[in-house]
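Notes follow once the structure below has been shown.
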Amino acid sequence: MIIELAIQHFMLLSSNTKIGSALFGTAPLDSTQLAICWGFGSFSLFVNLIAKKIPIENFKFTLNFALENERPNDAITNLVDKYQNAMKSG
Numbered sequence: 230m231i232i233e234l235a236i237q238h239f240m241l242l243s244s245n246t247k248i249g250s251a252l253f254g255t256a257p258l259d260s261t262q263l264a265i266c267w268g269f270g271s272f273s274l275f276v277n278l279i280a281k282k283i284p285i286e287n288f289k290f291t292l293n294f295a296l297e298n299e300r301p302n303d304a305i306t307n308l309v310d311k312y313q314n315a316m317k318s319g
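For the sequence shown, our numbering begins at 230 and goes up steadily by one.
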């Protein structure tokens, strides 16, 4: 994880150079913008720790979603089908 953080920080810092900006497709960042980038990154680490504490049993409703089927038969797919049929007929 430290190597990943170092590479990402290198990419952020290289945005201030012409070649780094061209390579990574980034715009120059000042120190405030760099701090905001680090803040967002740090916040996502805390969210990850909190999310891992949520019991998997709270997500049993996802068992009804059949994403691997050719044509799933869930509520969202049925609504989309009704809408598409209404658009075709009207």
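Each residue gets a CB set at the ideal place from its N, CA and C atoms; glycine is no exception.
| Query | Result |
| --- | --- |
| Buried or exposed by the 16-neighbour rule on C-beta atoms within 10 Å, applied to Ser318 | exposed |
| Cβ contact (3+ pairs, closer than 8 Å) linking the stretch 302-318 and the stretch 256-276 | no |
| Through-space distance from Lys289 to Gln191, alpha-carbon basis | Residue numbering for the chain in the displayed model covers 230 to 319; residue 191 lies beyond these limits and cannot be assessed. |
| Three-state class that DSSP yields for Ser243 in the structure shown | helix |
| Beta-carbon proximity of Pro257 to Ser244, cut-off 7 Å | yes |
| Element boundaries [alpha helix (DSSP H), containing Phe272] | 260-281 |
| Cβ shell of Leu263 (< 7 Å), same chain only, five flanking positions each side left out | Leu241 |
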